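Trainee:
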Amino acid sequence: MLYFKVINIDKMSKTKKISSLIPKIFKSFSKDSKLLELKANWDDVVGKQYSSRCYIHSLRKINKKNILTIESNASDLLELSYSSESLKKKINAYFSKEFVDVIKFKKSLQM
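Under my numbering, the first residue of the sequence shown carries the number 8, and numbering increases by one thereafter.
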């Protein structure tokens with residue numbers, strides 16, 4: 008036997024205008040597209056010196072700050088961490104705005 012439950016739509020959550028949802032949708036696309044653009048142009052943005060030794064792991068927003076996590080092998084992490092300000096300046100210059108606030112480094116298991 009099949010049973011059907013009748014749902015009263017009027018008692019469900021309030022309806023929302025599509026125009027109020029669109030900015031939320033495009034905001035996530037915008038962040039993802041910037042990350043993809045950075046990954047695609049990584050060689051041009053930071054140069055061969057850095058791009059051959061590290062790659063982008065993630066970009067997160069925490070406390071209104073964009074935190075870029077870069078992975079590299081253990082032997083290059085110390086040198087890259089000393090160059091973090093230089094990397095940040097190159098990335099922000101590429102986007103012509105303050106795109107990355109903090110760069111964190113992570114040991115890669117693949118490199």
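Built from N, CA and C at the ideal position, the CB exists for glycine as well.
Every value quoted in this text rests on a predicted model; they were computed, and no experiment measured them.
Report the rounded CA-to-CA distance for I77 versus L116, giving the unit in angstroms.
Mentor: In the sequence shown, counting from the first residue as 1, residue 77 sits at position 70. In the sequence shown, counting from the first residue as 1, residue 116 sits at position 109. Between I77 and L116, the C-alpha separation is close to 13 Å.
Trainee: What first and last residue would you give for the beta strand (DSSP E) that runs through K68?
Mentor: Here residue 68 is taken as the residue at index 61 of the sequence shown, counted from 1. Note, K68: beta strand (DSSP E), 61-69.
Trainee: Need the endpoints of the alpha helix (DSSP H) that F119 sits in, please.
Mentor: In the structure displayed, the chain extends from 8 to 118; residue 119 sits before or after that span and is not available.
Trainee: Put K114 into one of helix, strand or coil per three-state DSSP.
Mentor: Numbered from 1 along the sequence shown, position 107 holds the residue referred to as residue 114. It is a strand residue.
Trainee: May I ask you to report which of helix, strand or coil DSSP gives K24?
Mentor: In the sequence shown, residue 24 corresponds to position 17, counting from 1. Coil.
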